[in-house]
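If you're matching positions, the sequence shown starts at 53 in this note's numbering and goes up one per residue.
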Amino acid sequence: MTFWRIILARRVVIVGAGIMGLLTARWLAAEGVEVVLLDKQQAGKEASWAGGGIVSPLYPWRYHQAVTQLVQWSQAYYPELAALLNEETGIDPEYCQTGLVMSGVDDLELLEGWCKQHHRRYSKVDGAQIRDIIPGSGVESGYFMPDIANIRNPRLLQALLVYCRQSEHITLLENTQLLDVQQRLCGGVTARINTSQLECDNLVFCTGAWTRQVLQQWWDTPINIEPVKGQMIVLDGRQVGLSTMLLHKGRYLIPRKDGKILVGSTLEHNGFDKQTTKQAKESLLDDAIAMLPALASCEVLHHWAGLRPGSHEGIPYISSLPGKPDIFVNAGHYRNGLVLAPAATKLLTNLLLKQAPIVPQQDYSI
Ligand SMILES: Cc1cc2nc3c(=O)[nH]c(=O)nc-3n(C[C@H](O)[C@H](O)[C@H](O)COP(=O)(O)OP(=O)(O)OC[C@H]3O[C@@H](n4cnc5c(N)ncnc54)[C@H](O)[C@@H]3O)c2cc1C
């Protein structure tokens, strides 16, 4: 039985084991595809780990419909995904519908119109109402969107890694470089890694901020993805007891179940530099304290940076490469890769297996 499965099954090599690579592997394995998932370093340690895990764009009404339709599919699926992973791996990704208070928004008409069009609950809140939701908040007016959730992304990645390691369909190869790619004349692809060759039907690049540079090694592909650095800090907020997310002028607080509070984030165009800076740490802390003065007495536990895969309007490429129907890319999710991941990877799976797509694909083609 196993012999025939291996001989007959479609074989796919995925390059890059962030949220995109891991979830693509999961969808494909569920369809009986044999997957080899490789990463040049330890899996799940780049942007997908560094992000905040808000299951929504920060200002959803400012995005193109191409982003919104993927966001909506993902938001509907996230509770089920988190529950399934918890059941299958024993690791709870901590999907929490905490709601989000946003203030300092100046395009109110657009916000209200978007919420009505997409049937999103929202209410206008003044300072007193905000303090009912977030005791001690220093913010005086805004909007409350009670349905917005967050997920603890490092735990989500851990659960997906356990799932991949347990799956009989998935081989995970860490610290493994893709050295060469040859398209076979009869169809399919030969991928050379270390000392071996992998024969496969399809190759998928989920290489995040590195995608343009990775593809450039072999092809002149018109893909425009640039790294955009984001720094974050996490505070020990146990004595503060924050239970709702707060967004003010681009800076945000995300509560975790164990009382930690994440503060994000900077937007920096510095190439592939991932250094953290004292200036960013101070600025994040100052903004956090302005939003919630009680945070002044909280210890900063950690400070880190990650590289977002920046793309035009944050619209990802989910597509085969021009003239190369066996080679696919799923990258460029910019600030929203965690919320977009379930839908973006499902769509990629649809394209690869020639299934009816969950949403129209043309907006994501190269
Ligand atoms: C500070 C910050 C906050 C964020 N907050 C949120 C948020 O709240 N909500 C949200 O939805 N999104 C958020 N994001 C965005 C989100 O994290 C990213 O869009 C998403 O993680 C991208 O996933 P990915 O799998 O494409 O990339 P990555 O997670 O970066 O994974 C790419 C993988 O490819 C591997 N790789 C690269 N080159 C090669 C190669 N040549 N060979 C093999 N492997 C290779 C890398 O090692 C890496 O493991 C945030 C990002 C940051 C930095």
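For each residue, glycine too, the CB sits at the ideal point set by N, CA and C.
In this text, all values refer to a predicted model and were calculated from it rather than measured experimentally.
Three-way DSSP call (helix, strand, coil) for residue i in this model
| i | result |
| --- | --- |
| residue 312 | strand |
| residue 393 | helix |
| residue 167 | helix |
| residue 185 | helix |
| residue 200 | coil |
| residue 320 | strand |
| residue 412 | coil |
| residue 135 | helix |
| residue 387 | helix |
| residue 338 | helix |
| residue 294 | coil |
| residue 344 | coil |
| residue 55 | Its pLDDT being 49, under 50, residue 55 is placed unreliably in this model, and the value from its coordinates should be taken loosely. Helix at residue 55. |
| residue 379 | strand |
| residue 367 | coil |
| residue 372 | strand |
| residue 115 | coil |
| residue 304 | strand |
| residue 266 | helix |
| residue 71 | helix |
| residue 224 | strand |
| residue 214 | helix |
| residue 405 | coil |
| residue 349 | helix |
| residue 153 | strand |
Beta-bridge partners of residue i, as assigned by DSSP
| i | result |
| --- | --- |
| residue 242 | 234, 251 |
| residue 65 | 88, 255 |
| residue 360 | 280 |
| residue 194 | 177 |
| residue 285 | 315, 355 |
| residue 299 | 154, 304 |
| residue 106 | 202 |
Cβ neighbours of residue i in the same chain (closer than 6 Å, five flanking residues each side left out)
| i | result |
| --- | --- |
| residue 197 | 152, 174 |
| residue 355 | 285, 328, 333 |
| residue 208 | 145 |
| residue 384 | 277, 361, 363, 368, 369 |
| residue 264 | 275, 277 |
Neighbourhood of residue i by C-beta distance below 8 Å, restricted to the same chain and skipping five residues each side
| i | result |
| --- | --- |
| residue 56 | Residue placement at residue 56 cannot be trusted, given a pLDDT of 48 that sits under 50; the coordinates are not used to answer. |
| residue 404 | 64, 80, 254, 256, 380 |
| residue 53 | The pLDDT assigned to residue 53 is 46, lower than 50, so where the model puts this residue is not dependable; a value taken from the coordinates is nonetheless given after this. Within the same chain, residue 53 has no close Cβ partners at all. |
Neighbourhood of residue i by C-beta, 7 Å cutoff - its chain only, sequence neighbours within 5 removed
| i | result |
| --- | --- |
| residue 133 | 394 |
| residue 81 | 87, 219, 221, 222 |
| residue 258 | 66, 67, 68, 70, 72, 73, 76, 382, 383 |
| residue 261 | 99, 277, 279, 359, 360, 361 |
Problem - Any 3 or more C-beta pairs closer than 8 Å across the segment 102-118 and the segment 240-260 - result: Counting Cβ pairs under 8 Å, fewer than three are found: no touch.
Handout entry: Meets three-Cβ-pair contact criterion under 8 Å: the segment 137-148 and the segment 81-100
Key = Contact between the segment 137-148 and the segment 81-100 is absent: fewer than three C-beta pairs spanning the two stretches fall below 8 Å.
Exercise for the section: Flag this pair as touching only if the segment 316-325 and the segment 278-293 have three or more C-beta atom pairs under 8 Å; answer yes or no. Expected result: Note that the segment 316-325 touches the segment 278-293; at least 3 beta-carbon pairs, one per stretch, sit closer than 8 Å.
Handout entry: Three or more C-beta pairs below 8 Å linking the segment 342-356 and the segment 66-75
Key = With the cut-off at 8 Å, the segment 342-356 and the segment 66-75 do not touch.
Practice task
Kindly confirm or deny that the segment 153-161 and the segment 300-308 touch, where touching means at least three C-beta pairs closer than 8 Å.
Solution key: The segment 153-161, when compared against the segment 300-308, does touch it at the 8 Å Cβ threshold.
Exercise for the section: Answer yes if the segment 263-276 comes into contact with the segment 391-408, meaning at least three C-beta pairs across the two stretches below 8 Å, and no otherwise. Expected result: Note that the segment 391-408 does not touch the segment 263-276; fewer than 3 beta-carbon pairs, one per stretch, sit closer than 8 Å.
Exercise for the section: Check whether the segment 178-193 touches the segment 209-219, counting contact only when three or more Cβ pairs, one atom from each stretch, lie closer than 8 Å. Expected result: Counting Cβ pairs under 8 Å, fewer than three are found: no touch.
Exercise for the section: Could you tell me whether the segment 162-173 touches the segment 223-237, where touching means 3 or more Cβ pairs closer than 8 Å? Expected result: Not touching, per the Cβ criterion.
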